[in-house]
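Note sheet for the following structure.
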Amino acid sequence: MGTSQNNYLHLARPLAPAAVSTTAPSTAPLSVSLLPQALFSILDHASRRPADQERVIGTLLGTRSEDGTEVHITNCYAVPHTETAEQVEVDMDYQKAMLSLHLRSTPKEVLVGWYATSGELNTFSALIQNFYGQQGEGTFPHPAVHLTVSTAPGRDVDARTYISAPIGVTAERAADSCLFIPVPHEIRYGDAEKSGLEMIASAKEREDRSLLLQTDVETLERAIEQVLEMLERVSNYVSNVLDEEAEPSSALGQFLMNTLSLAPKVDAESVERDFNNHIQDVLLVSYLANTIRTQIDLSNRLATAALTMGHAEGAPPTDAQQQDNKQQSSRGGRGGRGGGRSRGGGDRDYQRENPLGL
Amino acid sequence: MAEPNTASAPLKEVQIEALVVMRIIKHSTSAFPTPATGCLLGMDVADNIGTQLQVTNCFPFPAAAPDQPPAQQEQQYYQQPTDAATLAAGAPRAKSNVAYQSEMIKYLREVNVDAQSVGWYISTSMGNFVNQNFIENQFFYQKVTDEKTVALVFDVGRSSAGSFSLKAYRLSPSFMASYREGKFNTEAIQKSNLRYQDILVELPLQIHNSHLLTSFLHQLPQPPPTKNALDFPSSIADLTHDPNISSNPLAPNLDHLDLSIDPFMEKTCDLLLDSIEAHQTEQNNAQYYQRSLAREQTKIQAWQAKRKQENQLRGQQKQPLLDENEWTKLFKLPQEPSRLESMLVGRQVEQYARQVDGFSAVVSGKMFGVRGTMLPGDIA
Numbered sequence: 000m001g002t003s004q005n006n007y008l009h010l011a012r013p014l015a016p017a018a019v020s021t022t023a024p025s026t027a028p029l030s031v032s033l034l035p036q037a038l039f040s041i042l043d044h045a046s047r048r049p050a051d052q053e054r055v056i057g058t059l060l061g062t063r064s065e066d067g068t069e070v071h072i073t074n075c076y077a078v079p080h081t082e083t084a085e086q087v088e089v090d091m092d093y094q095k096a097m098l099s100l101h102l103r104s105t106p107k108e109v110l111v112g113w114y115a116t117s118g119e120l121n122t123f124s125a126l127i128q129n130f131y132g133q134q135g136e137g138t139f140p141h142p143a144v145h146l147t148v149s150t151a152p153g154r155d156v157d158a159r160t161y162i163s164a165p166i167g168v169t170a171e172r173a174a175d176s177c178l179f180i181p182v183p184h185e186i187r188y189g190d191a192e193k194s195g196l197e198m199i200a201s202a203k204e205r206e207d208r209s210l211l212l213q214t215d216v217e218t219l220e221r222a223i224e225q226v227l228e229m230l231e232r233v234s235n236y237v238s239n240v241l242d243e244e245a246e247p248s249s250a251l252g253q254f255l256m257n258t259l260s261l262a263p264k265v266d267a268e269s270v271e272r273d274f275n276n277h278i279q280d281v282l283l284v285s286y287l288a289n290t291i292r293t294q295i296d297l298s299n300r301l302a303t304a305a306l307t308m309g310h311a312e313g314a315p316p317t318d319a320q321q322q323d324n325k326q327q328s329s330r331g332g333r334g335g336r337g338g339g340r341s342r343g344g345g346d347r348d349y350q351r352e353n354p355l356g357l
Numbered sequence: 000m001a002e003p004n005t006a007s008a009p010l011k012e013v014q015i016e017a018l019v020v021m022r023i024i025k026h027s028t029s030a031f032p033t034p035a036t037g038c039l040l041g042m043d044v045a046d047n048i049g050t051q052l053q054v055t056n057c058f059p060f061p062a063a064a065p066d067q068p069p070a071q072q073e074q075q076y077y078q079q080p081t082d083a084a085t086l087a088a089g090a091p092r093a094k095s096n097v098a099y100q101s102e103m104i105k106y107l108r109e110v111n112v113d114a115q116s117v118g119w120y121i122s123t124s125m126g127n128f129v130n131q132n133f134i135e136n137q138f139f140y141q142k143v144t145d146e147k148t149v150a151l152v153f154d155v156g157r158s159s160a161g162s163f164s165l166k167a168y169r170l171s172p173s174f175m176a177s178y179r180e181g182k183f184n185t186e187a188i189q190k191s192n193l194r195y196q197d198i199l200v201e202l203p204l205q206i207h208n209s210h211l212l213t214s215f216l217h218q219l220p221q222p223p224p225t226k227n228a229l230d231f232p233s234s235i236a237d238l239t240h241d242p243n244i245s246s247n248p249l250a251p252n253l254d255h256l257d258l259s260i261d262p263f264m265e266k267t268c269d270l271l272l273d274s275i276e277a278h279q280t281e282q283n284n285a286q287y288y289q290r291s292l293a294r295e296q297t298k299i300q301a302w303q304a305k306r307k308q309e310n311q312l313r314g315q316q317k318q319p320l321l322d323e324n325e326w327t328k329l330f331k332l333p334q335e336p337s338r339l340e341s342m343l344v345g346r347q348v349e350q351y352a353r354q355v356d357g358f359s360a361v362v363s364g365k366m367f368g369v370r371g372t373m374l375p376g377d378i379a
């Protein structure tokens with residue numbers, strides 16, 4: 000699932016001058032999908048930037064589909080750079096070193112582009128874009144993806160993605176000129192991420208923007224409360240329509256009917272039976288788990304405590320009775336008792352009090 | 000300004016940034032089913048009540064190469080197999096990764112990321128994490144004096160089922176002391192009175208968002224409506240496809256209301272059986288030790304009796320007496336096996352039991368709710 004709002008004009012994708020190895024180069028439009036963690040990382044970096052810099056940049060890592068038409072951005076890291084009115088400096092060594100470190104931990108993620116935390120595109124962007132798209136260390140022959148996330152305080156966070164085509168004015172200015180072509184992007188969420196995002200999103204309502212992690216029961220309670228609230232809104236609307244206070248809508252009515260007809264029609268007995276079975280399964284496993292816990296606790300305590308009493312029934316034999324193996328328990332029992340008696344003999348190593356003095 | 004005596008203030012709670020949550024989730028789900036490990040960065044902040052550990056960033060560890068050369072490994076066939084899971088689980092303390100970690104921290108410091116390592120994270124499935132590797136890793140971090148580190152455990156299986164499951168643990172001080180000595184036989188445990196419940200201490204965990212992130216979240220997944228009331232949809236297709244009307248809110252996550260219990264139950268039962276087997280193995284070891292100890296003792300008794308007799312004879316014949324304590328050099332008593340593993344098994348089973356309890360609470364609630372709906376008027 001993903002979200003995308005704007006419409007895009009699909010221009011033919013500019014090809015690099017060399018052929019892509021496996022498949023024929025296609026001019027199909029490129030589409031970019033973004034993981035939320037990359038976006039959060041960019042926002043975090045934007046909030047940590049040094050005070051004198053307006054925008055910060057970094058590298059995007061990700062995976063590409065076979066023919067290069069889909070780029071999936073999965074990770075990113077920041078690259079320090081300095082920008083003045085006349086020139087821009089990017090720390091190349093840092094870029095290379097961080098890239099190699101990341102490749103060690105996740106070898107599947109390759110360089111796919113770069114990001115900047117302000118929405119504007121100027122000559123510096125073009126310069127950096129060409130650097131990232133070049134042969135050798137860049138993303139050649141695939142185009143480098145440029146992601147801009149505008150982080151001006153007070154306005155919406157707006158993310159746009161571009162690829163570039165070389166556009167030359169003169170030969171000298173070719174290095175810092177390029178045409179940025181917007182491409183569609185969407186944010187993809189997986190299942191596990193959804194539950195994490197729910198936690199994060201519920202913290203947004205609170206004053207200090209933080210939330211204690213809750214147990215399952217509390218999360219369930221919240222979910223049920225929200226569903227109840229939604230149900231109430233819908234039922235209010237329906238009763239208003241029936242009282243002719245609100246406008247009816249045939250599409251909404253149809254949708255509601257479809258939804259309500261999904262409730263299964265079963266007779267009371269089978270419902271009771273299924274319900275009982277279900278609950279019994281759960282309670283049985285819960286009981287078993289707790290029983291096992293108690294047994295193991297008991298065995299651990301017996302193992303360490305019984306020896307101080309010096310009594311002949313050593314600890315491990317009684318533990319053995321927990322298992323379903325009767326023979327083992329009696330064998331272990333005899334060995335334990337024998338051990339108790341002979342241990343009383345004269346072992347200086349164990350320094351245990353043996354009041355029976357056997 | 001933090002006061003200089005934070006050494007004495009114990010860690011009270013852990014605060015974690017949203018970014019770290021997302022990174023851990025992504026790394027864990029992509030590495031599933033092998034455990035994914037990584038390092039946590041952040042800093043500790045001292046309050047009046049105790050220290051709060053703030054985790055602000057994290058990065059994954061590469062799977063470590065085995066430390067020994069391959070030739071040596073063949074001789075140690077009784078050791079654990081060096082498959083991917085074991086390597087990954089041992090990653091935080093592997094030597095190659097210590098260098099990796101310091102390099103990463105050095106580079107991240109240049110872009111103003113907190114450069115203090117505050118722990119490590121590991122992903123697990125259905126709570127199956129209390130084992131030797133986990134303890135050793137956390138010990139590796141906690142053995143430095145005056146440290147503030149924590150282990151975060153993310154449960155991939157439970158989180159995909161709808162409830163987000165991330166927990167923070169530290170080793171308790173009593174366990175640290177025992178582990179330092181390294182002996183876990185019966186007397187040491189009797190002296191220290193250590194039970195398996197005392198091994199790990201759980202810390203409360205908070206999620207924290209930055210301002211920028213909060214404004215972004217308010218804007219997701221759709222821009223707020225420009226008009227007061229939306230127009231009615233013209234068809235059912237509109238309801239599902241028009242982005243203005245149907246949005247995908249981040250909360251509530253309705254996966255949580257799912258009713259299926261079988262996958263969870265099956266996995267939990269399998270894991271419980273594994274724990275029972277491990278416990279059984281430990282018991283067998285302990286019993287074997289008892290039996291061999293008994294045998295040795297009887298042999299020693301017999302030998303001592305013989306010596307006494309001989310010494311009596313020699314005493315009568317005025318010959319030099321033989322040493323009665325020579326049995327210490329002649330007979331070797333067997334080593335008592337360490338009880339650490341059985342304690343870990345106990346703790347693991349307790350973890351499963353707690354999970355199942357939480358799960359049964361939730362499922363009972365849902366089941367009674369569904370029953371009330373299906374059989375209206377019968378609120379029994």
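Keeping their order, the protein sequence lines are chains A and L.
Those letters in the first sequence? Residues 0 to 357, per numbering that gives the first Met the number 0, in order.
Those letters in the second sequence? Residues 0 to 379, per numbering that gives the first Met the number 0, in order.
Yeah, the Cβ is synthetic: ideal placement off N, Cα and C, and Gly gets one too.
Nothing here was measured: the structure is a model prediction, and the numbers come from that model.
- A Cβ of chain L is located within less than 7 Å of the beta carbon of I295 of chain A.
- When beta bridges are read from the DSSP output, W119 of chain L appears opposite L:C38 and L:A150.
- In terms of Cα proximity to A93 of chain L, the closest of L:L332, L:F58, L:N136 and L:E146 is L:N136.
- Between the C-alpha atoms of Q196 of chain L and L52 of chain L there is a straight-line separation of about 24 Å.
- When secondary structure is reduced to three states using DSSP, R232 of chain A falls in the helix class.
- Checking the DSSP bridge columns, you'll see A115 of chain A partnered with A:I56 and A:T147.
- With respect to the 7 Å criterion, V355 of chain L and V284 of chain A are classified as neighbours on the basis of their beta carbons.
- For the stretch 240–308 of chain A, the full-length alpha helix (DSSP H) segments reaching 4 residues or more read 249–259 and 267–308 along the chain.
- Against chain A, a Cβ distance below 9 Å from P203 of chain L picks out L211 and L212.
- Under DSSP, F179 of chain A takes part in a beta bridge, and its partners are A:S163.
- Chain-order list of chain L residues neighbouring I278 of chain A: S363 and M366, by C-beta distance under 7 Å.
- For Y188 of chain A, no beta strand (DSSP E) encloses it, and the DSSP letter there is neither H nor E.
- In summary, L227 of chain A is exposed, with fewer than 16 beta-carbon neighbours lying within 10 Å of its beta-carbon over all protein chains present.
- Take the alpha-carbon of V361 of chain L and the one of P333 of chain L: they are about 50 Å apart.
- Shown in chain order are the members of the stretch 270–282 of chain L whose Cβ falls below 7 Å from a Cβ of chain A: L271, I275, H278, Q279 and Q282.
- Taking a C-beta cut-off of 7 Å against chain L, the contacting residues of the stretch 97–115 of chain A are M97, L100, R103, S104 and T105, listed in chain order.
- The C-alpha of L312 of chain L lies about 54 Å from the C-alpha of Q294 of chain A.
- Beta-bridge pairing by DSSP links E16 of chain L to L:H207.
- T105 of chain A is not a Cβ neighbour of Q189 of chain L, given a cutoff of 7 Å.
- Closest option to N289 of chain A, judged by alpha-carbon separation, among L:T267, L:N284, L:F31 and L:Q282: L:T267.
- In terms of Cα proximity to L211 of chain L, the closest of A:R47, A:L146, A:R63 and A:E119 is A:R47.
- Under DSSP, T218 of chain A forms no beta bridge with any residue.
- Taken through DSSP and simplified to helix, strand or coil, R63 of chain A comes out as strand.
- For chain A, the residues of the stretch 92–108 of chain L that bring a beta carbon within less than 9 Å of one of its beta carbons are Y99, E102, M103, Y106 and L107, in chain order.
- Of all residues in the stretch 285–314 of chain L, the ones placed with a Cβ closer than 7 Å to any Cβ belonging to chain A are A285, Q286, Q289, R290, L292, A293, Q296, T297 and Q300, in chain order.
- DSSP, reduced to helix, strand and coil, places D356 of chain L within a helical segment of the structure shown.
- Annotation: the continuous alpha helix (DSSP H) that includes R306 of chain L extends over D261 to Q315.
- When only Cα atoms are considered, S122 of chain L and Q100 of chain L end up about 19 Å apart.
- It is roughly 21 Å from the alpha-carbon of T218 of chain A to the alpha-carbon of E12 of chain L.
- In this structure, DSSP gives R157 of chain L a helical state, which the three-state scheme calls helix.
- With the criterion set as a beta carbon lying under 9 Å from some beta carbon of chain L, the members of the stretch 182–196 of chain A are I186, Y188, G189, D190, A191, E192, K193, S194, G195 and L196, in sequence order.
- Taking a Cβ-Cβ cut-off of 7 Å, the neighbours of I291 of chain A in chain L comprise L271, I275 and V348, given in sequence order.
- Counting the other CB atoms within 10 Å of its CB gives L271 of chain L a total of 16 or more, which places it among the buried residues.
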